[in-house]
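Below is one structure, written out as structure tokens; comments come after it.
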Ligand SMILES: Cc1ncc(COP(=O)(O)O)c(C=O)c1O
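Numbering (our numbering), first residue to last: 672 to 1064.
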């Protein structure tokens, strides 16, 4: 008979696009006793999570909760609830995840009005406005942090256009929530979703979402019922709101973990957390540049601090180098997606991992690898550049 040994996962430093390592406090919360879904203790946990999520999303939206599932479940919940058969949606496509929104909208029966840009650049608000003008779209969908390119999409102009044309604004904040400034109410975002495993600093498995009153009204006035029963937010909310009507068994341990991760964010303060991501991301860039490496995103203003895309130096093998980083230094970084496969690495500094120690550790490992392969790097130069930047802050 096959023997199944105890599971002993290796300890890795997860500096890819997520999941990231989590605070031991979050891991400890996963081992707390499981309670039933009608336990008043759990009701308290649900209330805390909703209140803490409102803080992180910077919103007073009543309808704010974590969907059971990963970021893609959040995407499906936002899209399937807001988009009906035949609805036109203007979608900003600037990378792999913009394209995923397209796929989900099509499956919901919606018609996509694409607004595209070259991967590595930000969407132009003017083009979104043109698309709105020339269509019957009532929804605009964009990705805030495009994890495939490392671009942080500015939202102000797009939000203004959405307001002017009375369109609903749907934003993918899977990579940005908890890491980059995003103020749902301040910008007037109508539907926003994220994931637990990146800048929120939790394990994968939950997808926070929030819907504005305007979005809620559209959902309440749908002509047809949602095809998806599991992701029908009006059914799910009956459990999360005061009524506590059973919908599906909540992932109790994951909810404990998310509550702890959000509590940590509350203790740190959301603005300080945004700043921490920005500072560590910029320090990493200084170090990479000192190693002679080039960044994919040329415009500094739109670089996503928690996810840096760096071009793989000519002469280094993508897979072999990432394997070396993993096996010799215990560090995971991400490879490129789609057309960037084999061309870029994606380096994440997210949540618990966005700290100086990790920046310096990665830079020294990269320095050793580059040196071994004959690149003209000077000893300690990258760490020095990153440290000098950090000291100047
Ligand atoms: C911007 C963006 N949207 C959506 C997703 C999908 O999230 P998940 O893999 O958690 O389902 C990801 C995943 O990395 C992402 O980066």
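C-beta: ideal position from N, C-alpha, C; glycine also. A quick note: this is a predicted structure, and the numbers were derived from the prediction, not measured.
Query	Result
Environment of residue 891 [buried if 16+ CB atoms lie within 10 Å]	exposed
Neighbourhood of residue 941 by C-beta, 8 Å cutoff - its chain only, sequence neighbours within 5 removed	726, 727, 729, 849
Residue 845 Cβ short of 8 Å to ligand 1 heavy atom set	yes
Sequence-distant residues of its chain with Cβ nearer than 6 Å to residue 854 (five each side left out)	729
Delimiting residues of the beta strand (DSSP E) encompassing residue 911	That residue, residue 911, is in no beta strand (DSSP E); its alpha helix (DSSP H) goes 904 to 911.
Outcome for residue 806 when other beta-carbon atoms lying within 10 angstroms are tallied against a minimum of 16	exposed
Enclosing alpha helix (DSSP H) for residue 924 [first to last residue]	923 to 939
Residue 856 - DSSP class collapsed to helix/strand/coil	helix
Secondary structure, beta strand (DSSP E): runs of 3+ residues fully inside the stretch 864 to 890	877 to 882
For residue 1054, the three-state DSSP class (helix, strand or coil)	helix
Three or more C-beta pairs below 8 Å linking the stretch 834 to 843 and the stretch 806 to 817	yes
Straight-line gap, residue 939 to residue 826 (C-alpha atoms, nearest Å)	25 Å
Reference residue 987, options 967, 873, 1037, closest by Cα	1037
Within the stretch 986 to 1063, ranges of the beta strand (DSSP E) (whole runs, at least 3 residues)	1015 to 1019
Close Cβ partners of residue 989 (< 7 Å) along its chain, the five nearest in sequence each way excluded	983, 1006, 1013
Proximity test, residue 881 beta-carbon vs ligand 1 heavy atom, cut-off 8 Å	no
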